[in-house]
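Asks: Quick note: the sequence shown uses my numbering, first residue 4, plus one each step.
For every residue, glycine included, the Cβ atom is placed at its ideal position computed from N, Cα and C.
Only a predicted model underlies this, so the values are computations on that prediction, with no experimental measurement involved.
I am attaching a structure below and will ask some questions about it afterwards.
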Amino acid sequence: MRPFLLLLAFSASAFAGPTRAPNFVEAGKLAKKSERPLAIYVHGSSWHPSSKRFLDLIWTKPDFTEGLNHPVILTNIEIKQHLDKEAAQKHAESHKGWNDKSVRTYPAIQLYGFDGHLLTTLSGAELRGLSSAKALAHRLNQLTELANQRRAFLGKINSAEGSAKLVLLAELSDLPFNNEPKIIAQFKALDPDDQTAWQARLSFKNWDFVRDITTLVKANKSDEALTEIDKQLKISGQPPERLALIHGAKGRVLADGGKLTEAWAAFQKAHQSDPKGPNGIAMLAYGTRVAGVPLREALPTDSALIGKEIGENISRDHATVSLSSSSNDDPTQHQFLFKGPFAKVGFAIHTDSEKKAHCLLDLQTPCQVRALRITNRRIQSTRAKTLTLWASEDQKSWQQIWAADQAELAWDILLEKPIKARYLKVGLNSPVPEYLNLQAIDVFGSR
Numbered sequence: 004m005r006p007f008l009l010l011l012a013f014s015a016s017a018f019a020g021p022t023r024a025p026n027f028v029e030a031g032k033l034a035k036k037s038e039r040p041l042a043i044y045v046h047g048s049s050w051h052p053s054s055k056r057f058l059d060l061i062w063t064k065p066d067f068t069e070g071l072n073h074p075v076i077l078t079n080i081e082i083k084q085h086l087d088k089e090a091a092q093k094h095a096e097s098h099k100g101w102n103d104k105s106v107r108t109y110p111a112i113q114l115y116g117f118d119g120h121l122l123t124t125l126s127g128a129e130l131r132g133l134s135s136a137k138a139l140a141h142r143l144n145q146l147t148e149l150a151n152q153r154r155a156f157l158g159k160i161n162s163a164e165g166s167a168k169l170v171l172l173a174e175l176s177d178l179p180f181n182n183e184p185k186i187i188a189q190f191k192a193l194d195p196d197d198q199t200a201w202q203a204r205l206s207f208k209n210w211d212f213v214r215d216i217t218t219l220v221k222a223n224k225s226d227e228a229l230t231e232i233d234k235q236l237k238i239s240g241q242p243p244e245r246l247a248l249i250h251g252a253k254g255r256v257l258a259d260g261g262k263l264t265e266a267w268a269a270f271q272k273a274h275q276s277d278p279k280g281p282n283g284i285a286m287l288a289y290g291t292r293v294a295g296v297p298l299r300e301a302l303p304t305d306s307a308l309i310g311k312e313i314g315e316n317i318s319r320d321h322a323t324v325s326l327s328s329s330s331n332d333d334p335t336q337h338q339f340l341f342k343g344p345f346a347k348v349g350f351a352i353h354t355d356s357e358k359k360a361h362c363l364l365d366l367q368t369p370c371q372v373r374a375l376r377i378t379n380r381r382i383q384s385t386r387a388k389t390l391t392l393w394a395s396e397d398q399k400s401w402q403q404i405w406a407a408d409q410a411e412l413a414w415d416i417l418l419e420k421p422i423k424a425r426y427l428k429v430g431l432n433s434p435v436p437e438y439l440n441l442q443a444i445d446v447f448g449s450r
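As structure tokens, then:
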């Protein structure tokens, strides 16, 4: 074989599969020369146990490299600590040109295009989900295939013009990667009025958008914030992870304005848009805290009932309440006992000071009662230290089904087995007269 043909054959075989490079600088040169994507494992194995485990059990395993179907350059960047000046300078030279602010948590895997553009970063929960060499190889196969599509798009765009170029730019931007350099300017030149809405879509700043909305809210500019949010919601084709942020930002504005019902609906839309993604999960958690829990549409994160089979809330839209005595009671507060935010006065019911003070709940029809969450009055909460619960189908025969051990701010009551009852009596079993003040009673089960 002629020397130059032999060289060509060697070059082709060198890049036919994954190729490991000794450092970032050399890997970048190989990626550019071969027009292959570059995957970097960024870690702190000398001081970070998770980094070390991932390095030893996944990144360096033959199962990982053998599972890679597309040519890709692989290398490591180790974040070292406590180096002297000379060692630190030498270490920095090995990854010269790498942006150390592009990774916030360790370990992480970054995928770069052949041209040095950072395409995406895998870290946190997403990387923890890739808990085997096979799973990581499968994910990198997906990403490198998309990176090759990007390279093909870039080649076509260079020779395209007019509407054909606009279509190619849209297809390029539709890839699940970070925005291309100067991509908005290219769209603006071809579509100055933004008829395709790609300029608006690509201008979206992800979590910075949410922070900007929060800044507007704090500046008492909620109307302006909602206008910005509505602009984004009108753009078609928004990806799920972005919709989660937009709907979540709307929930943030509405919650601040006291519109908790509308806010909770927005946070639920955020989660529905991206149910398994970090954005959807984060927005639901935040929404639960600021809207769902105050509305009693969701259980607090510390509730013992979370994850249990408790059924639906069967008291919210059905139950009525009557008290054993009422000279200290304000009936207008009863609406807060079963639904909505807690009464601003601190309690929804208030009996006189008496022995066996209680309230009677009528569920309107026989139900299967599985659980209750009873929220105490915060001030003078010790009054309820003998709180007791009875159940009945006819108000004649009563069965005690639970009793408190001590005063709590809230009691999560999970019955050992469902109880059939239409009536529930929640009262005090104190040997001396006492007031019964409660903020809320939520009953769960099935009607």
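1. Spatial neighbours of Asn182 within its chain, please: CB distance less than 6 Å, with the 5 preceding and 5 following residues excluded, ordered by chain position.
2. From what residue to what residue does the beta strand (DSSP E) around Pro421 run?
3. By the DSSP assignment, the beta strand (DSSP E) with Phe339 in it spans what residues?
4. At 3 residues or longer, and completely inside the segment 129-190: list those beta strand (DSSP E) runs for me, N to C.
5. Quick one: grab the DSSP three-state call for Val256.
6. Quick check on the burial criterion: 16 or more other C-beta atoms within 10 angstroms. Buried or exposed for Arg381?
7. Could you tell me the boundaries of the beta strand (DSSP E) in which Ile76 lies?
8. Between Gln198 and Lys191, is the Cβ-Cβ spacing less than 8 Å?
9. Counting C-beta neighbours from all protein chains within 10 Å, is the total for Arg386 16 or more, i.e. buried, or is it exposed?
10. Work out the CA separation of Ile309 and Gly31 for me, nearest whole Å.
11. Going by other Cβ atoms of all chains shown within 10 Å of its Cβ, with 16 needed for buried, is Ser239 buried or exposed?
12. Out of Lys388, Trp62, Pro242, state which residue places its alpha-carbon closest to the alpha-carbon of Leu133.
13. With DSSP run on the structure shown, which of helix, strand or coil describes Arg5?
14. Please state the DSSP three-state secondary structure of Ala387.
15. If you reduce the DSSP assignment to three classes, tell me which class Gly100 lands in.
16. Report the three-state DSSP secondary structure of Val293 (helix, strand or coil).
17. Helix, strand or coil for Arg56? Go by DSSP, reduced to three states.
18. Evaluate the contact criterion for the segment 401-419 versus the segment 353-363: three or more CB pairs, one atom per stretch, below 8 Å.
19. Leaving out the 5 sequence neighbours to the left and right, which residues in its chain are closer than 6 Å to Ala410 when beta-carbon positions are compared?
20. From Val435 to Pro303, what distance separates their C-alpha atoms?
21. From Gly165 to Leu172, what distance separates their C-alpha atoms?
22. Between the segment 144-157 and the segment 76-84, do at least 3 Cβ pairs fall closer than 8 Å?
23. State yes or no: is the C-beta of Tyr438 within less than 8 Å of the C-beta of Asp365?
24. Please report the straight-line C-alpha distance between Gly448 and Ser395, rounded to a whole angstrom.
25. From Lys221, Glu227, Leu246, pick the residue whose C-alpha is nearest to that of Lys208; which is it?
26. Classify Gln145 as buried or exposed, calling it buried when 16 or more other Cβ atoms lie within 10 Å of its own Cβ.
27. Tell me where the alpha helix (DSSP H) around Leu232 begins and ends.
28. Between the C-alpha atoms of Ile444 and Phe180, what's the straight-line distance to the nearest angstrom?
29. In angstroms with no decimal places, state the Cα-to-Cα distance between Leu375 and Pro242.
30. Just to check my reading of the structure: Ile76 and Leu33 have Cβ atoms closer than 8 Å, yes? What is that Cβ distance to the nearest angstrom?
31. So Pro25 packs on Leu114, CB below 8 Å; how close in whole Å?
32. Going by the DSSP bridge assignment, what does Tyr109 pair with across the sheet?
33. Evaluate Gly116 with the Cβ neighbour count: other Cβ atoms within 10 Å of its Cβ, from every protein chain shown; 16 or more gives buried, anything less gives exposed.
34. Please tell me whether Pro169 and Asp194 are closer than 8 Å, where the distance is taken between their beta carbons.
35. Using DSSP with H/G/I as helix, E/B as strand and the rest coil, what is Thr199?
36. Is DSSP giving Ser276 helix, strand or coil here?
Replies: According to the structure data:
1. Same-chain partners within the cutoff: Leu205.
2. 413-431 is the span of the beta strand (DSSP E), which, as asked, contains Pro421.
3. Following the DSSP letters along the chain, one finds Phe339 in no beta strand (DSSP E) but inside the alpha helix (DSSP H) bounded by residues 338-341.
4. If we require 3 residues or more, the segment 129-190 turns out to have no beta strand (DSSP E) run fully inside it.
5. Helix, per DSSP.
6. It counts as exposed.
7. It spans 76-81 - the beta strand (DSSP E) in which Ile76 sits, taken as one unbroken run.
8. Their beta carbons are not under 8 Å apart, which means Gln198 does not touch Lys191 by this criterion.
9. Buried, because 16 or more other Cβ atoms sit within 10 Å of the Cβ of Arg386.
10. Their Cα atoms are separated by approximately 49 Å.
11. So Ser239 ends up on the exposed side.
12. For Leu133, the closest C-alpha among the options Lys388, Trp62, Pro242 is that of Trp62.
13. Note that Arg5 has pLDDT 41, beneath the 50 cutoff, so the model's placement of it is unreliable and the number below is only indicative. Arg5 falls in the coil class under three-state DSSP.
14. For Ala387, the three-state secondary structure derived from DSSP is helix.
15. In the three-state scheme derived from DSSP, where H, G and I count as helix and E and B as strand, Gly100 is classed as coil.
16. Residue state, collapsed to three classes: helix.
17. Arg56: helix per DSSP, three-state reduction.
18. Short answer: they don't touch.
19. Excluding positions up to five away in sequence, the list reads Ser384, Thr385, Ala387, Lys388.
20. Each residue's alpha carbon lies about 33 Å from the other.
21. Taken atom to atom, the span from the alpha-carbon of Gly165 to that of Leu172 is near 11 Å.
22. Cβ pair count under 8 Å is below three, so no.
23. No.
24. If you take the alpha carbons of Gly448 and Ser395, they lie about 15 Å apart.
25. Its Cα nearest to that of Lys208, the residue Leu246 stands out among Lys221, Glu227, Leu246.
26. Gln145 should be labelled exposed.
27. First, the residue type needs correcting, since residue 232 is Ile and not Leu in the sequence shown. Residue range 225-236 is occupied by the alpha helix (DSSP H) that includes Ile232.
28. Ile444 and Phe180 have their C-alpha atoms some 48 Å from each other.
29. Whole-angstrom Cα-Cα distance: 39 Å.
30. The beta-carbon distance between Ile76 and Leu33, rounded to whole angstroms, is 5 Å. This is short enough to meet the 8 Å contact definition.
31. 19 Å between Cβ atoms; not a contact.
32. Assignment of beta-bridge partners to Tyr109 by DSSP yields no partner.
33. Counting the other Cβ atoms within 10 Å of the Cβ of Gly116 gives 16 or more, which makes it buried.
34. According to the sequence as given, residue 169 is Leu; it is not Pro. Remark: C-beta atoms of Leu169 and Asp194 approach each other more closely than 8 Å.
35. Reduced to three states, the DSSP call for Thr199 is coil.
36. In this structure, Ser276 counts as helix in the three-state DSSP scheme.
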